[in-house]
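What follows is a short report on a single structure.
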Amino acid sequence: MSERFAHAAIDDLMGRSGADTVDAMLRRFEAGGAAAVATDAELRAPMQALLTFLYTGFGVDRMPADTPENHYESLMWRAALAHPPALSGGYFGHWSYPPDEANG
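For the sequence shown, the numbering used here begins at 720 and goes up steadily by one.
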């Protein structure tokens, strides 16, 4: 994940939930991992929003993504071993091969 995309995800979460919630999520995660955050009723929705952004490139209430770069860098393409649709600049037939290591 690029530094730019990581900052976009945190910015989305901060704008959605505020710094206090982000700090609480980080403290809870450091204390008990992802399961500790997921089982906290107050932190579950912000965590789901963060994961939605990371895997799709857009917030739960914003479709399509704020920027094409967010969508192209989202984790779903790595998980699916696929190229983002409408990605240009590849060699002919690039869509039929798994993404390059550098891009996926």
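Note that the Cβ used here is the ideal one computed from N, Cα and C, for glycine as well.
Check, Outcome
"Chain-order list of residues whose beta-carbon lies under 8 Å from that of A755 (same chain, five-residue window excluded)", "R747, F748"
"Y774 versus H726 - alpha carbon distance", "14 Å"
"Neighbourhood of G776 by C-beta, 6 Å cutoff - its chain only, sequence neighbours within 5 removed", "A784, N789, H790, S793"
"Rounded C-alpha distance that separates F724 from D731", "10 Å"
"Alpha carbon of S736 to alpha carbon of S721, nearest angstrom", "23 Å"
"Boundaries of the alpha helix (DSSP H) in which H802 is found, first to last residue", "No alpha helix (DSSP H) holds H802; DSSP gives it neither H nor E."
"For V756, the first and last residue of its enclosing alpha helix (DSSP H)", "738–757"
"Residues near L762 by beta carbon distance below 8 Å, same chain, minus five either side", "T740, A743, M744, R747, V756"
"Reduced DSSP category for P787 - H, G, I as helix; E, B as strand; rest coil", "helix"
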